[in-house]
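Numbering (full-length UniProt numbering), first residue to last: 1 to 203. Note sheet for the following structure.
Structure below.
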């Protein structure tokens with residue numbers, strides 16, 4: 001009877017030293033710190049990009065509103081040249097009262113004196129288009145009548161010393177036009193631009 005010897009393989013495991021375990025722990029901590037730093041840098045870059053996009057969008061929106069307000073100013077001047085009855089009376093000598101610097105902030109401003117610029121091709125009209133927040137509005141105010149000096153080449157007034165002038169019999173009427181690019185209560189968070197100018201009608 002033959003007995004077959006079995007081959008036995010013995011595996012000797014080498015126990016890791018405490019120093020090697022500490023090295024692996026330090027490497028893991030360093031890797032985690034680097035991962036956190038890279039994540040923070042990425043988030044900062046994303047935040048900066050989003051902020052730049054918002055700034056560019058706000059600037060573009062304001063430019064569109066500014067162009068709409070300018071067009072509204074031209075329409076208001078064209079309308080005033082043909083119809084002075086649209087003006088609100090701010091001349092105390094004519095029975096008017098004191099008017100706000102911005103008439104849109106005046107709680108006593110009659111609603112009918114806020115004029116909407118209609119769409120069309122007439123000089124008194126303007127189409128703001130789809131990019132604008134809305135149609136511009138304006139308020140015209142009559143500030144009074146003033147008597148100036150005669151002559152187109154004369155720079156001095158009649159009150160200046162030695163100014164040879166002939167007082168005008170019919171004084172010029174002075175108007176103030178205030179325009180806003182769109183009604184603020186209808187456009188949400190879109191930009192609103194206000195423009196104001198003085199207009200003299202008459203000789």
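Even glycine gets a Cβ: it sits at the ideal position worked out from N, Cα and C.
- With 16 or more other Cβ atoms inside 10 Å of its own Cβ, residue 137 counts as buried.
- Residues of the same chain with a CB within less than 6 Å of the CB of residue 200, apart from the 5 flanking positions on each side, are 172, 174 in chain order.
- Secondary structure of residue 174 (DSSP, three-state): strand.
- Per DSSP, residue 193 lies in no beta strand (DSSP E) segment and is marked neither H nor E.
- For residue 85, there is no enclosing beta strand (DSSP E), as DSSP marks it with neither H nor E.
- For residue 178, the number of other beta carbons within 10 angstroms of its own is at least 16, and it is reported as buried.
- Excluding five sequence positions before and after residue 73, the CB atoms of its chain that fall closer than 6 Å to its own CB belong to 179, 195, given in chain order.
- Cβ-Cβ distances below 7 Å link residue 143 to 90, 91, 174, 175, 176 in the same chain, with the five nearest sequence neighbours on each side left out; the list follows chain order.
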